[in-house]
Every structure is written in structure tokens, then in C-alpha cells.
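Colleague: If you read the protein sequences in the order shown, they are chains A and B. First residue of the first sequence: 1, per the numbering used here; consecutive thereafter. First residue of the second sequence: 1001, per the numbering used here; consecutive thereafter. In this text, a Cβ means the ideal position worked out from N, Cα and C, and glycines have one as well.
There are 2 protein chains.
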Amino acid sequence: MSVTLKDVALAARVSISTASRALGGSGLTSERTQQRLTRIARELGYRPNPIARGLKTGQSRLVGLLVHNLANASFQVMAEVVQARLKALGYQMLLCIAGDDPQLESDTLTTLADHRVDGLIVVPTGKNGARLTALANEIPIVCLVRRDDGTDLETVLADDSEGAYVGTRYLIELGHRRIGIIVGRPDTTSGRERLSGYVRALREASIQVDDALIHAGHFEPETGAASCRKLLDLAEPPSAIFVANHEATLGVLRVIAERGLSIPDDLSLLCYEHSPWFEWHRPAISIVDNGASDLANLAVDRLLHRMDAKGNGADGVREYRVGARLVKRDSCRPFDPSPRKSSATKSSRAKA
Amino acid sequence: MSVTLKDVALAARVSISTASRALGGSGLTSERTQQRLTRIARELGYRPNPIARGLKTGQSRLVGLLVHNLANASFQVMAEVVQARLKALGYQMLLCIAGDDPQLESDTLTTLADHRVDGLIVVPTGKNGARLTALANEIPIVCLVRRDDGTDLETVLADDSEGAYVGTRYLIELGHRRIGIIVGRPDTTSGRERLSGYVRALREASIQVDDALIHAGHFEPETGAASCRKLLDLAEPPSAIFVANHEATLGVLRVIAERGLSIPDDLSLLCYEHSPWFEWHRPAISIVDNGASDLANLAVDRLLHRMDAKGNGADGVREYRVGARLVKRDSCRPFDPSPRKSSATKSSRAKA
DNA sequence: CGCATTGCTGCAAACGATTGCAGTATTGGC
DNA sequence: GCCAATACTGCAATCGTTTGCAGCAATGCG
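This is the structure in C-alpha cells:
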């Protein structure tokens, strides 16, 4: 096949071990041989075989990243960040996509473990806590974005409660009183926390929480569309909608367009998470940015830390929070109390 | 560490080689020992160490996928398809992201080769042909989506010329005569081919090709926006725009919104490649689908074929084409010859 | 009953690197 | 000039598997 250490050693007329030591920079060889071997290795195009090395050292230089999908922009940037960071450190990323399916997650975890990854970053479904805990005895693991309640693994989370709070407060400050929210399933941490942030902001402003304005559901455009319709059909429809569930946004936008409503004139819209087309959409959509790249970076940091401090299982902190950031664009405007009912009108395109 | 073959052999009171043969399903062991060993292995939780196996067999069971980014929806689905297909075959995908940067591509290629991947699917930048050719002697490689002119590696391409032809003809059939096109850089195969399909369709319909209607540039929203502005500012602006460059679409949509133009009433819009929000956008945007998942599937097929038929370098076909598909939605309508100039009007929302 | 065939099984050598231990120059001190 | 210390270098074992070859029992045939 390719050039092995043996070939280099042969060419340099030294033993394999000397060659290994010289190239490995162990400092146990003379300056001269080291330089000579480096030169010869380069000339021959020698590149160490990580498989053989791995067998001896017990490391694969591979790190697994397990996400739900790639359609979600947050996962995209996380994947890109993780791959870039790891690459710089000589690791390679093994990217796996397990949907939101616990069975598939479990299988994939097995595959990853089989491949002897040196570390693992997982966005858990939440249904494989025991499995993850068991695996954590073999491999350093860090959970990302979601908490798996079945385990106490180190977890890097977005501060969803704070994010939703900040977003809701922004809308309140603009004068909105009836604020609809479309949020993720209550059996996910993010769903629960975003909802709690919303409620907290309302309470703080002494606004009555109206259950009719709260819609929780799966992460799909269809669900978002359905929720949006219900909100708009209310006798007293909201003047602002906070779509705190990224995937639902597409559906919401469609319904708004269908009804001929104009943003932000007829309705203020605030969304969650970053997506390239939120910026380019007209009007540009204001968002609460959950800081996907910060999350990914922190997860890598923590994983690296764990991989270094091998073995010492318990080191205090088990949960890290990354702050959310409000990005104001053009989809929210101060509440205008002039009577305007649901989808009836669609006037006012005049530039103010 | 974990359970090794030795442990299994010891527990079963057979030699390591017998254990290996029994579990490997070589058919060289008696039915009885085979079953016994399988049972014991399961009980002990034995899982073969791919690193050790790899060292012996020279295989890593890893396949590299090198793409430009993950923001492009086509790359997303390709990554998902490749990972799913490979997983089913016991391979794992090593996903690398090298932007459109030849240097980074070259580095990444090295990393991938170092990790001894069993195969490689590459979306080439086009600047590392020699490198790829050299690498192909060691590793089966299939190029995807783009052709690298510096090499004659097997390549799976979208039929971009056909796609652009079909799209353009569709617009012509709707009665459009002045059709603007925004297309990729002419130094990429896709850029050239899409343009050629456009020109072919026009010629076929005996429509004069007007260079002012053709904009080629980098794959970025900004470029798209700039091109779109120029098109709309023409003395005789187009009645339809074909954005045959996926990344540019965001910019185009923004400019259209900024000018208060309505699609498809004021302008027909046809885009290239699939993206989830094209469907959910109102009006839903018609596209020419390049068949990303077909492309990925075919690339995997070809790669597997190469990996089987190891060594025999030259087998006739070197280029595979995957047909494009026109997906009609709501962003194109028949040409209305009534005089309507640029951004002046924005009437007509009445449901037809 | 003897011998060749068949069917399993075990021994041992790989695969390509790392590393503890022992051996050999080289140097300096006395 | 001799010996100890120092500085390299080489031998060989090892990581967990696979696999060619040889050994050995059981079987069938004459």
C-alpha cells in the first residue's frame, strides 16, 4: 500500500523504533537523526497510519456528533462549528443524523461506540437516558441543546427561558398586550422553558395569561400553520405572535400571507433561532438568536476538557447555559390601538 | 477496556482463531461452536474492534463526504442521504466542510486520506484536479455535482443544461419573451451549463438572446440582489426572471419585496434547486429541482461499485447525469402584455 | 483393519505503530 | 587510561483481529 514507518526506517538505515521516536518528537533522539528522518519521511511521503496508531494508543481521533437533522439551521451551524474546531485539533467529526427517533438514536449510539470515537456530542431525544449514562462510562459525552432527564450528563443548553422572556418583554415594551405564542412540545426542555419565559414576562408586566394565546405542538410547518390560524380566528386575536419554535415559522408565514395580512402593520412577528432567510425576507424578521455557534463552541470546549481529564467523572457543574440575544429587525412595531379586525383589511402599504 | 475476542475465546475455551472464525461467519466452524460462540459473545457484550480489524484488513469502514457547506439545502439532503445509505451498509460517514476554498479542500483531502477512508465522495472546487487524480490511485473517489476539469474521475452530475432548458421553455410557453437569468460563475460547470440550456431554449423559440438579461456571478444573496436590481432597472425589464443560482434567490426576493413588486402579477419568478421555504413561501415558488437525493443516491451507488471492483481503474462511463424536474407552483403566470412599467404599480390583489 | 479424505481447530505470523528495557557509543572526571 | 554517567539506539512485546498452514479426530472406502 502506502509508505510505512518501516520503509522510512529502512531508507534511513535505522530501526523502526528510532524512526518512530524521531518523527514523534519524543526528544529521545539526537537532533541530527530527527532532522534526517523528518526529511526522509517527507521525501518518501510518509504519513502515519492512524489505524495502527489507534490500535496501540486506544484512540481513534474521531469524535461523533449526533443531531436530529440538517434542515434546522441551528444544527447546520453547530455541525460546521464542531467540524471546524475539531479539525484544527486533528480530530475528525463523525456526523450522524438520527431524526427524533429514540430507536434510531440508540442504534446510532452503538455504531458510534463501535467505531471507538474518542468523544461524543449528542442532541438527545430524551428517551435514551439510561443508554447514554452507560455509554458515558466508556466515552466522554456532552449533551447539547436538549437535556435528557434520564441522565445527569454534562449538558450545554441555550437559555431558552431567558430568550423567551427577553423576546416577550420586547413585544410588551412595544405596547402589545395580547401576544400569541407558538412553542415546542411541553415534553422537551426547550418547549417548557420557552413557555415559562413567556409567562414570566407577562406576569412581570401584570398581563393576564390567556391560555387561548398559547399553542404548543410538534416542530413542523403544518403545526405552525394550524396554530397560527387558530390564533387569528380568535374573537380577540393577538396583535403580536411569538413563534418560539423554529420549524413552525414557515407555516406561520404562509398563513399570514394567505390571509393577506401585512407584517408588521397588521401583526408583529417575532421568531426563534437564526436562519439565513429570516434576514433576507422582507420585512426582515426579528428573532431571538439562541446562539447556536456559541453552544457548539462551548460543547466542544467541555468535551475536550472531559477528554483530557479522563476518568474523573464528577466535577461539579453539569449544566452550562448560553445566553440568547434579541436581534431586532423589521417584523415588530409598536402596538397601534386603532380598531382593525382580523383579515378584513389589508390596506396601508404607504411608506410612513 | 472492553471485551475482546480473547475474552470470548477464553470463556468458550477455544482458541482466538476459532472464535474469530465462528463470529465472522466464515462457515469453517461447526454449527455447534458457531452458535455457542455467538451466544457467549452476546452474553459478554463483545463487539469487534474496528480499529484492530481495520489494521489487518486495511479497511476503515469510513467513507468521506466533502461538501462546500451545509447552508445549501441540496448539500443537506445529500449529506442525509449519504449518511443513511452508508449506515445501512455498516459504513460511517466522515463529513467535511471545505467551503469553496481550494486550499482547504486540499488539506481536508489529506486528512481524509490519512484517516484511511474506504471511499470518498467529493464536491470539487475544481482547482485540485491533480490532487484528486493522485488520490484516486489509493482510494475510490466519486465526484458529485461539479466536474473538476483537471481530472477524469467518475462524476455524478445534475443535468443542468437540461434543467435550465426545461425551466426556460416553461417560461417561454407561458408567453414570456424577455426572460432574465441570474446564474452561477462561468468557471463552474453548473454555471456554464445552466446558461447554455437557457440559450438553447431561447434559440429554439427564435428569441433573440439579449446579453443585458444575463447575469452571472458568485453564489451569494448580495450578488443576486445586485443582479436583480440591474435587471429591473433596464429600459425594457424582463417579465420573468429565472434565478438559476440557488444562493442568489434570497437576494432576488428581497429586491422584489423592496420594490413593492408582486409575484407573479408583476413578475414571474422561477428558481433552481429545492429548499423547504420555497414551498412555504407565499406565493409558493416554482423551481427546477436538480434532484439532490437522486444525485446522492447515484453517487453512493457508483462509489460502492468502485469499492467492490477494487483496482480496475478504467470502466468506460465516467459521467452520469441525473435529470432535472420542473416543479410548478405559484410564482409564474402567463405573460400579460398590458403595459406595466417597473415598480410604479402594485395593484391587483383581487383573487382571480 | 489401514489409509485417504474431510472437517474442525489451534498455532503463529502478520497489519503498522508505540514503548519499556537493555545494549552500545560517547563523553567527562579522576 | 579506566570507569561511570549520559545519550542514543535497537530489540521485542504489544494493541485486537484475520488468516495460511499444519495438526488431529472422525469418517468412509476398499
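What does T1111(B) reach in chain A if we use C-beta pairs closer than 9 Å?
Modeller: Taking the first residue of the second sequence as 1, we reach residue 1111(B) at position 111. The answer, in chain order, is K87, G90, Q92.
Colleague: Taking V14(A) as the reference, which of Q34(A), S26(A), V3(A) has the closest Cα?
Modeller: Sequence index remark: in the first sequence, residue 14(A) carries index 14 (1-based). Residue Q34(A) is the option with its Cα nearest to V14(A).
Colleague: Within 10 angstroms of the Cβ of N137(A), are there 16 or more other Cβ atoms? Answer buried if so, exposed if not.
Modeller: Working through the first sequence from its first residue, we reach residue 137(A) at position 137. Under this definition N137(A) is an exposed residue.
Colleague: Do you know how far the Cα of K230(A) is from the Cα of A257(A)?
Modeller: For the purposes of this step, residue 257(A) is taken as residue 257 along the first sequence, with counting starting at 1. For the purposes of this step, residue 230(A) is taken as residue 230 along the first sequence, with counting starting at 1. Distance between the alpha carbons of A257(A) and K230(A) is about 15 Å.
Colleague: Under 8 Å, CB to CB, which of the residues in the stretch 27-61 of chain A have a partner in chain B?
Modeller: So the close ones are R47, P48, N49, P50, I51, A52, G54, L55, G58, S60, R61.
Colleague: Starting from F1242(B), follow its DSSP beta bridges and name the residues at the other end.
Modeller: Here residue 1242(B) corresponds to residue number 242 of the second sequence, with the count starting at 1. I1181(B), L1270(B), per the DSSP bridge assignment.
Colleague: Skipping 5 residues on each side, what residues in its chain have a beta carbon closer than 7 Å to that of A1012(B)?
Modeller: Residue 1012(B) sits at position 12 when you count from the first residue of the second sequence. Excluding sequence neighbours, A1012(B) sits near A1019, R1036, L1037, I1040.
Colleague: According to DSSP, is T1125(B) helix, strand or coil?
Modeller: Residue mapping note: residue 1125(B) aligns to position 125 of the second sequence, counting from 1. Coil.
Colleague: Check the C-beta distance from N1069(B) over to G1099(B) and give it rounded, since I have them as a contact under 8 Å.
Modeller: What you label residue 1069(B) is simply residue 69 of the second sequence in a count that begins at 1. What you label residue 1099(B) is simply residue 99 of the second sequence in a count that begins at 1. Between G1099(B) and N1069(B) the Cβ distance is about 6 Å, and since that is below 8 Å, they are a contact.
Colleague: Helix, strand or coil for I1287(B) per DSSP?
Modeller: Start at 1 with the first residue of the second sequence, and residue 1287(B) comes out as number 287. Three-state DSSP puts I1287(B) in a strand.
Colleague: Using DSSP with H/G/I as helix, E/B as strand and the rest coil, what is S1347(B)?
Modeller: Here residue 1347(B) refers to the residue found at position 347 of the second sequence. At S1347(B), the pLDDT of 43 sits below 50, so the modelled position is not reliable; the number obtained from the coordinates is stated separately. It is coil, neither helix nor strand.
Colleague: Only counting the same chain, and skipping five residues up and downstream in sequence, which positions put a Cβ closer than 6 Å to that of D1159(B)?
Modeller: As a first step, residue 1159(B) must be located in the second sequence, where it is residue number 159. Answer for D1159(B): R1321, G1323, A1324, listed in chain order.
Colleague: Where V1300(B) and D1149(B) are concerned, what is the direct C-alpha to C-alpha distance, given to the nearest angstrom?
Modeller: Within the second sequence, the letter at position 300 stands for residue 1300(B). Within the second sequence, the letter at position 149 stands for residue 1149(B). Going by the C-alpha atoms only, they are around 21 Å apart.
Colleague: With a threshold of 16 other CB atoms inside 10 Å of the CB of V1317(B), please say whether the residue is buried or exposed.
Modeller: Residue numbering aside, residue 1317(B) sits at position 317 when the second sequence is read from its first letter. Its Cβ having fewer than 16 others within 10 Å, V1317(B) is exposed.
Colleague: So with CB distances below 9 Å, who are the chain A contacts of L1253(B)?
Modeller: In the second sequence, the residue the question calls residue 1253(B) occupies position 253. In chain order: W277, W280, H281, R282.
Colleague: Between L1213(B), G1126(B), S1293(B), which has its C-alpha nearest F1242(B)'s C-alpha?
Modeller: As a position in the second sequence, residue 1242(B) is number 242, starting the count at 1. Nearest option by C-alpha distance: L1213(B).
Colleague: Could you pull out every unbroken beta strand (DSSP E) segment of at least 3 residues lying fully inside the stretch 1187-1226 of chain B, listed in chain order?
Modeller: List check, beta strand (DSSP E) in window: 1214-1217.
Colleague: What number of angstroms, rounded off, separates the C-alpha of V3(A) from the C-alpha of Y46(A)?
Modeller: Indexing the first sequence from 1 puts residue 3(A) at position 3. Indexing the first sequence from 1 puts residue 46(A) at position 46. In a straight line, the C-alpha of V3(A) is about 5 Å away from that of Y46(A).
Colleague: Is there a Cβ from chain A that is less than 8 Å from the Cβ of I1121(B)?
Modeller: Against the second sequence, residue 1121(B) aligns to sequence position 121. By this cut-off, I1121(B) is not an interface position.
Colleague: Who are the Cβ neighbours of K1328(B) in its own chain at under 6 Å, not counting the five residues just before and after it?
Modeller: If you number the second sequence from 1, residue 1328(B) lands on position 328. Hits under 6 Å: S1286.
Colleague: If we count Cβ pairs, one from each stretch, closer than 8 Å, do we get three or more for the stretch 103-114 of chain A versus the stretch 52-61 of chain A?
Modeller: Touching, no, given that fewer than three Cβ pairs across the two stretches are closer than 8 Å.
Colleague: With a 10 Å radius around its C-beta and 16 neighbouring C-beta atoms as the bar for buried, classify D101(A) as buried or exposed.
Modeller: As a working note, residue 101(A) is residue 101 in the first sequence. Result: exposed.
Colleague: Assuming L1157(B) and V1145(B) are in contact, meaning their beta carbons sit under 8 Å apart, how far apart are those beta carbons, in whole angstroms?
Modeller: Locating residue 1157(B) in the second sequence gives position 157, where the first residue counts as 1. Locating residue 1145(B) in the second sequence gives position 145, where the first residue counts as 1. Contact flag correct, Cβ pair sits at about 7 Å.
Colleague: Tell me whether G1119(B) sits in a helix, a strand or coil according to DSSP, three-state version.
Modeller: Taking the second sequence and counting its residues from 1, the one referred to as residue 1119(B) is at position 119. Strand at G1119(B).
Colleague: Please report the residue range of the beta strand (DSSP E) in which T1155(B) lies.
Modeller: For the purposes of this step, residue 1155(B) is identified with residue 155 of the second sequence, where counting begins at 1. Per DSSP, T1155(B) belongs to the beta strand (DSSP E) from 1155-1158.
Colleague: Do you know offhand how far L195(A)'s Cα is from R185(A)'s?
Modeller: Residue numbering aside, residue 195(A) sits at position 195 when the first sequence is read from its first letter. Residue numbering aside, residue 185(A) sits at position 185 when the first sequence is read from its first letter. Answer to the nearest angstrom: the Cα atoms are 10 Å apart.
Colleague: Is there a C-beta anywhere in chain B that falls below 8 Å from the one on A71(A)?
Modeller: Taking the first residue of the first sequence as 1, we reach residue 71(A) at position 71. Answer yes: the Cβ-Cβ gap between A71(A) and chain B drops below 8 Å somewhere.
Colleague: Pair every Cβ in the stretch 261-275 of chain A with every Cβ in the stretch 171-179 of chain A, then say whether three or more of these pairs are closer than 8 Å.
Modeller: Yes, the stretch 261-275 of chain A is in contact with the stretch 171-179 of chain A.
Colleague: My output table needs one value for G167(A): the three-state DSSP class, helix, strand or coil.
Modeller: What you label residue 167(A) is simply residue 167 of the first sequence in a count that begins at 1. Looking at G167(A) - three-state DSSP - the assignment turns out to be helix.
Colleague: Measuring alpha carbon to alpha carbon, tell me which of A309(A), H246(A), L261(A), R254(A) ends up nearest N290(A).
Modeller: Working through the first sequence from its first residue, we reach residue 290(A) at position 290. Ranking the options by Cα distance to N290(A), first place goes to H246(A).
Colleague: Output needed for G1090(B): all residues of its chain with C-beta closer than 8 Å, excluding positions within five of it in sequence on either side, in chain order.
Modeller: Looking up residue 1090(B) in the second sequence gives position 90. For G1090(B), where only same-chain residues beyond five positions count, the Cβ hits under 8 Å are R1061.
Colleague: Of all the options R85(A), L66(A), S74(A), which has the alpha carbon lying nearest to the alpha carbon of L120(A)?
Modeller: In the first sequence, counting from the first residue as 1, residue 120(A) sits at position 120. Closest option to L120(A), Cα to Cα, is L66(A).
Colleague: May I have the straight-line CA-CA distance separating N297(A) from S74(A), to the nearest angstrom?
Modeller: Working through the first sequence from its first residue, we reach residue 297(A) at position 297. Working through the first sequence from its first residue, we reach residue 74(A) at position 74. Rounded to whole angstroms, N297(A) to S74(A) spans 13 Å at the Cα level.
Colleague: I'd like the list of long-range same chain contacts for R306(A), defined as Cβ closer than 6 Å, with 5 residues on each side in sequence excluded.
Modeller: The residue labelled residue 306(A) in the question sits at position 306 within the first sequence. Cβ within range, chain order: P140.
Colleague: Who are the Cβ neighbours of G180(A) in its own chain at under 6 Å, not counting the five residues just before and after it?
Modeller: In the first sequence, the residue the question calls residue 180(A) occupies position 180. So the qualifying residues of the chain are L213, L231, P238, I241.
Colleague: What does a CB cutoff of less than 7 Å around E162(A) pick up in its chain, not counting 5 residues either side in sequence?
Modeller: Taking the first sequence and counting its residues from 1, one reaches residue 162(A) at position 162. Once the five neighbours on either side are set aside, the close Cβ partners of E162(A) are G197, G323, A324.
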